[in-house]
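Engineer: The sequence shown finishes on residue 181 if you use this note's numbering, and the numbering steps up by one all the way, no holes. Here it is, the structure, as structure tokens.
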Amino acid sequence: MIALSAVLASISTLFIFLCGLFIAYGWIVIRKTKDRKRHKKIMVTAAVFALVFFVIYMFRTLFIGNVKFGGPDMMKLPYHLFLFFHIVFALLGAIFGLISLYLGNKNKIPLHRKISPYTAVIWFVTTITGIVVYVLLFLVWPGDMDTSLLNAVFGG
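Shown next as structure tokens:
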């Protein structure tokens, strides 16, 4: 199962990386060209990449499980603090991302312009920290599989 978990983690990390790239590209397009139609297409594409990431991540968490931290004991606390920081930013990024998409889609442009730059920065932090978590868990210090959420809740 660790091989499948690693493959799914690699794919989901690729999608969150693409999401971050498209957010940066969308930000550049709106700043440089003011082309709202093109900006919207780019940002919706970024949102689709984020959704694909989320679906793969949740599937892996629910049905396969996650990989435990496999690094040295002295790195457990720093890793878990870093992971907590990443999770907080990921939650904020998701919430602000949905709000930004909603405001842009409803043509509430003044409010969209206020909140979206902060959303983008939060998302960039989330993307970078997420890639670091992936690298630590699957490349630098691979660990053993933890149980899936469903097995943890319902036994198995």
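Backbone N, C-alpha and C define an ideal beta-carbon position, used for all residues, glycine too.
1) Our contact map puts residue 92 next to residue 46 with C-beta atoms below 8 Å; I'd like the distance itself, whole angstroms only.
2) Kindly identify the DSSP beta-bridge partner or partners of residue 92.
3) Let's see if you can read the secondary structure: which residues bound the alpha helix (DSSP H) around residue 84?
4) Quick one: residues in its chain with C-beta nearer than 8 Å to the C-beta of residue 158, no 5 flanking neighbours on either side, listed in chain order?
5) Can you tell me which of the three DSSP states residue 131 falls into?
6) Would you call the region 55 to 66 and the region 83 to 103 touching, i.e. three or more CB-CB distances under 8 Å?
7) From the beta carbon of residue 43, is the nearest beta carbon of chain C less than 7 Å away?
8) On a CA-only basis, which of 152, 175, 174 and 72 is nearest residue 192? Give me that one, please.
Structural biologist: To lay it out plainly:
1) So it is not a contact: roughly 25 Å between Cβ atoms.
2) 170
3) 61 to 84
4) 107, 108 and 111
5) coil
6) no
7) The structure shown contains no chain C; it is built from a single protein chain.
8) Because the chain in this structure spans residues 26 to 181, residue 192 falls outside the shown range and cannot be described.
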